[in-house]
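In this note's numbering, the protein residues as written are 28 to 385.
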Amino acid sequence: MPTKKELLTNPIQHIDIKQHNVVPLVDAMANMAYSSRDLNRAAKIYEMMLLDKDCGVILCLAGSLISAGLKQIFVDLIRNNMVDAIVSTGANIVDQDFFEALGFKHWIASEEYKYGAHDADLRDLAIDRIYDTFIDEDELRICDDTTKIIADSLEPRAYSSREFIHAMGAYLVKNGKTPANGGADSIVLAAYEKNVPIFCPAFSDCSAGFGLVAHQHHRSAAGKPMVAIDSAKDFYELTKIKLENPVTGLLMVGGGVPKNFAQDIVVAAEVLLGDDADVAMHKYAIQITVADSRDGALSGSTLKEASSWGKVDLAWEQMVYAEATMALPLITGYAFHKEAHAARTGKNFATMLEPVTA
């Protein structure tokens with residue numbers, strides 16, 4: 028068995044859509060069939076979202092995306108005003124993006140490891156595996172501990188995940204974990220600097236959960252008030268964005284909780300305004316997924332099905348049945364190199380929500 032140092036030698040490299048003009052390739056796919064033609068239409072719909080200056084673009088992230096090499100895409104979307112709000116699993120934002128912002132990396136696992144034959148040996152070495160990717164568990168514990176430090180620094184009250192993640196961005200700036208200081212860029216940092224709110228509806232289901240559990244345990248033992256995460260506040264804040272900016276578009280990678288949470292704000296807005304309210308469904312919607320619709324689960328349910336619930340308009344929706352590391356660079360790279368964002372300004376949605384006080 029190789030040593031831990033020998034296994035953690037080849038870091039995952041994040042693809043940079045700025046370096047690859049995929050426009051001719053994606054345009055050529057329009058005259059093909061199957062998933063290629065679907066992908067071409069999705070790329071054009073994303074371009075339409077960005078050209079529609081009234082549209083607030085909501086990015087939804089599920090699955091292990093940052094560990095797979097997609098982080099730079101999301102950073103570039105934020106920094107180039109190509110996304111206005113993010114709904115994500117906690118793992119993408121904390122265990123993977125914030126983890127890298129602290130100075131750690133994800134590592135390439137060789138072919139022999141990705142089918143699980145050596146997982147017991149990896150456990151002995153404190154190496155966690157995501158298919159063909161390794162993570163140093165000892166470093167992940169530092170990420171856990173850092174979220175506790177952030178929780179300990181905040182005024183004891185209930186926070187939305189958006190507020191807590193904003194505090195994570197402030198932590199990176201305060202501690203010099205920025206590109207200007209030789210650090211890695213990150214989704215959390217870019218969103219903090221560009222006023223792009225990030226919501227993780229199941230926030231405790233990630234590294235932050237361990238930090239918050241430790242925070243609450245020690246505060247409870249000392250009889251002190253504590254920080255808590257309010258998921259209803261998450262829902263209300265994202266719904267307020269829909270109320271303030273009625274025209275919305277979804278770019279969804281994977282499904283699960285982020286997909287449902289973002290789609291549900293249409294219904295939530297109707298609940299708040301009353302049955303007679305005319306709340307616009309999401310005008311645009313794209314989903315990249317490999318999930319099957321036949322088991323009834325949300326991750327594979329079609330956007331047409333979402334229309335039956337009054338969540339997604341049918342005019343500009345597209346399912347792309349493809350793996351995200353292949354499809355997402357093409358869809359986002361197409362819009363970037365078509366310069367669909369050139370005349371676009373960010374919505375600054377975070378400024379309309381409650382500020383975070385330490």
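Glycine residues also receive a C-beta, built at the ideal position from the N, C-alpha and C atoms. Just so you know, these numbers come straight off a predicted model, no measurement behind them.
Range of the contiguous alpha helix (DSSP H) that encloses residue i
| i | result |
| --- | --- |
| residue 262 | 258 to 271 |
| residue 101 | 98 to 106 |
| residue 237 | 234 to 248 |
| residue 207 | Taken as a continuous stretch (DSSP letters only), residue 207 belongs to no alpha helix (DSSP H), as it is neither H nor E. |
| residue 68 | 61 to 78 |
| residue 218 | 214 to 221 |
| residue 34 | 31 to 34 |
Close beta carbons around residue i, own chain, < 8 Å, minus the five adjacent residues each side
| i | result |
| --- | --- |
| residue 36 | 134 |
| residue 324 | 282, 318 |
| residue 363 | 44, 45, 103, 107, 109 |
| residue 291 | 262, 338 |
| residue 379 | 267, 268, 271 |
| residue 138 | 159 |
Cα-Cα separation between residue i and residue j, rounded to whole angstroms
| i | j | result |
| --- | --- | --- |
| residue 7 | residue 249 | Since the first residue shown for the chain is 28 and the last is 385, residue 7 is missing from the structure and cannot be characterised. |
| residue 174 | residue 251 | 18 Å |
| residue 217 | residue 355 | 19 Å |
| residue 268 | residue 31 | 46 Å |
| residue 99 | residue 303 | 43 Å |
| residue 210 | residue 219 | 16 Å |
| residue 190 | residue 223 | 11 Å |
| residue 265 | residue 305 | 18 Å |
| residue 382 | residue 376 | 12 Å |
| residue 315 | residue 373 | 24 Å |
| residue 49 | residue 93 | 21 Å |
| residue 172 | residue 237 | 8 Å |
| residue 228 | residue 117 | 8 Å |
| residue 112 | residue 272 | 12 Å |
| residue 260 | residue 148 | 42 Å |
| residue 298 | residue 127 | 39 Å |
| residue 371 | residue 142 | 44 Å |
| residue 79 | residue 300 | 25 Å |
| residue 60 | residue 89 | 27 Å |
| residue 164 | residue 360 | 33 Å |
| residue 240 | residue 188 | 15 Å |
| residue 70 | residue 348 | 14 Å |
| residue 328 | residue 203 | 42 Å |
Cβ neighbours of residue i in the same chain (closer than 7 Å, five flanking residues each side left out)
| i | result |
| --- | --- |
| residue 337 | 293, 294, 308 |
| residue 96 | 39, 40, 41, 42, 352 |
| residue 179 | 242 |
| residue 195 | 125, 177, 215 |
| residue 198 | 177 |
| residue 341 | 331, 334 |
| residue 75 | 311, 343 |
| residue 350 | 317 |
| residue 56 | 63, 64, 66, 67 |
Span of the beta strand (DSSP E) around residue i
| i | result |
| --- | --- |
| residue 196 | Premise fails: residue 196 lies in the alpha helix (DSSP H), 188 to 201, not in any beta strand (DSSP E). |
| residue 125 | Careful: residue 125 lies outside any beta strand (DSSP E) and carries neither H nor E. |
| residue 87 | 83 to 88 |
| residue 50 | Element bounds for residue 50: not the beta strand (DSSP E) but the alpha helix (DSSP H), 50 to 55. |
| residue 113 | 112 to 115 |
Close Cβ partners of residue i (< 6 Å) along its chain, the five nearest in sequence each way excluded
| i | result |
| --- | --- |
| residue 185 | 255, 257 |
| residue 312 | 277, 330, 339, 344 |
| residue 279 | 87, 286, 314 |
| residue 358 | 69, 70, 73 |
| residue 212 | 102, 206 |
Rounded Cβ spacing between residue i and residue j (contact assumed at less than 8 Å)
| i | j | result |
| --- | --- | --- |
| residue 65 | residue 346 | 7 Å |
| residue 91 | residue 225 | That pair is no contact at about 17 Å. |
| residue 156 | residue 136 | 6 Å |
| residue 285 | residue 82 | Actually they do not touch by this definition, with Cβ atoms about 19 Å apart. |
| residue 270 | residue 296 | 5 Å |
| residue 169 | residue 120 | About 16 Å separates the two Cβ atoms, so there is no contact after all. |
| residue 275 | residue 105 | Residue 275 to residue 105, Cβ: 17 Å. No contact. |
| residue 34 | residue 154 | 6 Å |
Near the ligand FMN: residue i beta-carbon under 7 Å from a heavy atom
| i | result |
| --- | --- |
| residue 314 | Ligands are entirely absent from the displayed structure, and the ligand FMN is therefore not among its contents. |
Exercise. In the segment 280 to 355, which residue ranges form an unbroken beta strand (DSSP E) of at least 3 residues, counting only runs that do not cross its ends?
Worked result: You should have 309 to 316, 339 to 348.
Exercise. Where are the alpha helix (DSSP H) runs, 4 residues long or more, that stay fully inside the segment 136 to 194, in chain order?
Worked result: Runs of the alpha helix (DSSP H) inside the segment 136 to 194: 146 to 151, 164 to 180.
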